[in-house]
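Line by line, the protein sequences give chains A and B.
If you read the first sequence in this note's numbering, its first letter stands for residue 1, the second for the next number, and so on.
If you read the second sequence in this note's numbering, its first letter stands for residue 229, the second for the next number, and so on.
Here a beta-carbon is modelled for each residue, glycine too, at the ideal position from N, C-alpha and C.
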Amino acid sequence: MQISAVHEILTALPYLLKVGMTFSLTLTVLAAVLGLALGTLLALCRMSSSKWLSVPATLYVNGMRSVPLLLVIFWFYFLAPYVGAWITNSPTPLQVGAYRSAVITFTLFEAAYFCEIMRAGILSVGKGQVSAGLALGLTFAQVMKTIVLPQALRNMTPALLTRVITLFQDTSLVYVLSMTDFFGAISDIASRDGTAVPMYLFAAAVYFVICFGASRFIHRFETARYAY
Amino acid sequence: MIQINNVSKWYGGFQVLTECSAQVKKGEVVVVCGPSGSGKSTLIKTVNGLEPVQKGDITIDGQSVTTPKANLHKIRAKAGMVFQGFELFPHLTVLENLCLAQTRVLKRQTEPASVRARSLLDRVGLSAHSNKFPGALSGGQQQRVAIARALAMDPIVMLFDEPTSALDPEMVNEVLDVMTDLARDGMTMMVVTHEMGFAQRVADRVVFMDRGQIIDDCSKDAFFGESTGRSDRASQFLSKILRH
Chain A
1 MQISAVHEIL
11 TALPYLLKVG
21 MTFSLTLTVL
31 AAVLGLALGT
41 LLALCRMSSS
51 KWLSVPATLY
61 VNGMRSVPLL
71 LVIFWFYFLA
81 PYVGAWITNS
91 PTPLQVGAYR
101 SAVITFTLFE
111 AAYFCEIMRA
121 GILSVGKGQV
131 SAGLALGLTF
141 AQVMKTIVLP
151 QALRNMTPAL
161 LTRVITLFQD
171 TSLVYVLSMT
181 DFFGAISDIA
191 SRDGTAVPMY
201 LFAAAVYFVI
211 CFGASRFIHR
221 FETARYAY
Chain B
229 MIQINNVSKW
239 YGGFQVLTEC
249 SAQVKKGEVV
259 VVCGPSGSGK
269 STLIKTVNGL
279 EPVQKGDITI
289 DGQSVTTPKA
299 NLHKIRAKAG
309 MVFQGFELFP
319 HLTVLENLCL
329 AQTRVLKRQT
339 EPASVRARSL
349 LDRVGLSAHS
359 NKFPGALSGG
369 QQQRVAIARA
379 LAMDPIVMLF
389 DEPTSALDPE
399 MVNEVLDVMT
409 DLARDGMTMM
419 VVTHEMGFAQ
429 RVADRVVFMD
439 RGQIIDDCSK
449 DAFFGESTGR
459 SDRASQFLSK
469 ILRH
């Protein structure tokens, strides 16, 4: 029985990794990169002195952080085709596709969290740094790009990576869109072969190893970081 | 070179500068001193527009800093500034600190920018440290790098905002020496400082401020002389800081 369970997992492994894990990791990386870019933009808007930028950005961030991710996934998946059709004036719902829908949803959702991390990061860079940059004749945009944001990003790397771990775990929610991420692949095999117990145990072990390993890595990175 | 005319500034309802007027001529070294909270740091930051003013006007080399349409970036590039807290960019090496604005603002190529940077590091005695990060340097070394960074823009005037106040006592002189050399080379300088020895050696004129007002603006000899040009308030200030 036990040997056959191991055998089941080993046979399914190529499918689990090649299809499932590849998708999970791709979605994580895409959403992290795009979410960080959008989140940084949102952070700059939130901190802008212009109300036209700061108020919408604040509403967006607080709104996103006040609803469950699962709800956002559902809403976006079912609504986006109609909203898209309305914008493009098309009579039929726009084909967004589950994959693109997932990437966009996760990006929009994570951006709200990355925004708050980046905002803390920008605030952690002293005002004197901005003065020093401006005094050299740099424009405000150049000061942000070459002086403040690189330091903010560096100061916040542990927090950002920790958020990415959460994001990686959350990608399993695409299961509700019937997409085959790692968790979806596990569940496929489990229901096909009737091997729920070993398969879900194996899934838990894999998530644990990856997330725990990554968090140990972040911890080491944090303590080894050069101090200034 | 620097012309400050009737400048007033408020933080909310609190007036930090009242009708301040002063000037720094080409090649002159003007020391601004006064008790803390007297507005001297604020005044020097209004000169390159880091602090806006509500009244009065300021020009550098004939160009207004205080009109709304002033091209501040262009003017700031010509006015080097050194801060109390050094404000080197900690994520860049010393050399990169000196090259950043040269390439971005003056549009110099990387090669001439780093040649200029290295010659200035040599001038402040730090050429051995060009590839280190600022965090690896002492306070005095960091401030010398900050001076070199400002000089890399080939400024026509240098503004110093309490450049030695955050330093350990034993590091003060290495920074003052660099500033003294700079003054000897004919650089136009406005220096906010408590270093009265430096003022006595290097300054042409001394401006004394108290409670946001310029109380005295006189030659060094008149300010430090036995019986003369300075106000009673300045005499009090000097007797307090020179006693020990």
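So what does residue i bridge to, in DSSP terms?
i              : result
G308 (chain B) : B:M386
S292 (chain B) : B:T287
R346 (chain B) : Its beta-bridge partners do not exist; DSSP assigns none.
A224 (chain A) : According to DSSP, which records beta bridges pairwise, A224 (chain A) is partnered with nothing at all.
Y239 (chain B) : B:F242
I442 (chain B) : B:M437
V252 (chain B) : B:I230
C474 (chain B) : Only positions 229 to 472 of chain B appear in this structure, which leaves residue 474 (chain B) out of reach.
V420 (chain B) : B:V260, B:D389
S447 (chain B) : B:R433
Is the shortest distance between the beta-carbon of residue i and the beta-carbons of chain B less than 7 Å?
i              : result
Q95 (chain A)  : no
A224 (chain A) : no
L36 (chain A)  : no
How about residue i: is its C-beta nearer than 7 Å to some C-beta of chain A?
i              : result
M309 (chain B) : yes
L278 (chain B) : yes
A305 (chain B) : yes
G240 (chain B) : no
M229 (chain B) : no
E454 (chain B) : no
Please list the partners that residue i has in chain B, where partner means a Cβ-to-Cβ separation under 8 Å.
i              : result
G128 (chain A) : F311, G313, E315
Using a C-beta to C-beta distance shorter than 9 Å, which residues of chain B count as neighbours of residue i?
i              : result
S131 (chain A) : K273, L278, M309, F311, E315
Give the residues of chain A in contact with residue i, contact being defined as C-beta atoms less than 9 Å apart.
i              : result
M302 (chain B) : What sits at residue 302 (chain B) in the sequence shown is Lys, not Met. Under the 9 Å cutoff, chain A gives G137.
Could you list which residues in chain A have their beta carbon closer than 8 Å to that of residue i, in chain order?
i              : result
M482 (chain B) : Past the edges of chain B, shown from 229 to 472, lies residue 482 (chain B), and the structure says nothing about it.
Checklist entry - Counting Cβ pairs, one atom from each stretch, are 3 or more of them under 8 Å apart for the region 439–448 of chain B and the region 282–291 of chain B? => result no
Next on the checklist: Three Cβ pairs or more, each shorter than 8 Å: is that satisfied between the region 112–126 of chain A and the region 67–87 of chain A?
Outcome noted: no
Checklist entry - Between the region 134–153 of chain A and chain B, which residues of the former have CB atoms less than 7 Å from a CB of the latter, in chain order? => result L134, A135, L136, G137, L138, T139, Q142, T146, I147, P150, Q151
Next on the checklist: To be precise: take each residue of the region 325–342 of chain B, compare its Cβ to all Cβ atoms of chain A, and keep it if any distance is under 7 Å. Which residues remain?
Outcome noted: L328, A329, R332, V333
Next on the checklist: Please identify, using Cβ separations under 8 Å, the residues of the region 388–399 of chain B that lie next to chain A, in order along the chain.
Outcome noted: none
Next on the checklist: Could you check whether the region 293–308 of chain B touches the region 372–389 of chain B, counting it as contact only if at least three pairs of C-beta atoms, one from each stretch, sit closer than 8 Å?
Outcome noted: yes
Item to check | the region 319–338 of chain B in contact with the region 365–380 of chain B per 3-pair CB rule at 8 Å | outcome: yes
Next on the checklist: Does the structure place the region 74–88 of chain A close enough to the region 101–114 of chain A that three or more beta carbon pairs sit under 8 Å?
Outcome noted: yes
Next on the checklist: Closer than 8 Å is the cut-off here; do at least three beta carbon pairs connect the region 452–461 of chain B with the region 266–284 of chain B?
Outcome noted: no
Checklist entry - Taking contact to mean at least 3 C-beta pairs separated by less than 8 Å, is the region 391–408 of chain B in contact with the region 418–428 of chain B? => result yes
Item to check | At least 3 beta-carbon pairs within less than 8 Å: the region 327–344 of chain B vs the region 135–151 of chain A | outcome: yes
Item to check | Cβ contact (3+ pairs, closer than 8 Å) linking the region 4–24 of chain A and the region 141–157 of chain A | outcome: Of all C-beta pairs linking the region 4–24 of chain A to the region 141–157 of chain A, fewer than three are shorter than 8 Å, placing the two stretches out of contact.
Next on the checklist: Counting beta carbon pairs with one atom in the region 247–263 of chain B and one in the region 432–443 of chain B, are three or more of them shorter than 8 Å?
Outcome noted: yes
Item to check | Segment contact flag, the region 175–193 of chain A with the region 141–154 of chain A, C-beta cutoff 8 Å, min 3 pairs | outcome: no
Checklist entry - Do the region 173–182 of chain A and the region 339–359 of chain B meet, that is, are 3 or more Cβ pairs less than 8 Å apart? => result no
Checklist entry - Just checking, does the region 120–131 of chain A make contact with the region 88–96 of chain A on the three C-beta pairs under 8 Å criterion? => result no
Checklist entry - Counting Cβ pairs, one atom from each stretch, are 3 or more of them under 8 Å apart for the region 208–221 of chain A and the region 161–172 of chain A? => result These segments touch.
Checklist entry - Can at least three beta-carbon pairs, one atom from the region 232–246 of chain B and one from the region 41–57 of chain A, be found at a separation below 8 Å? => result no
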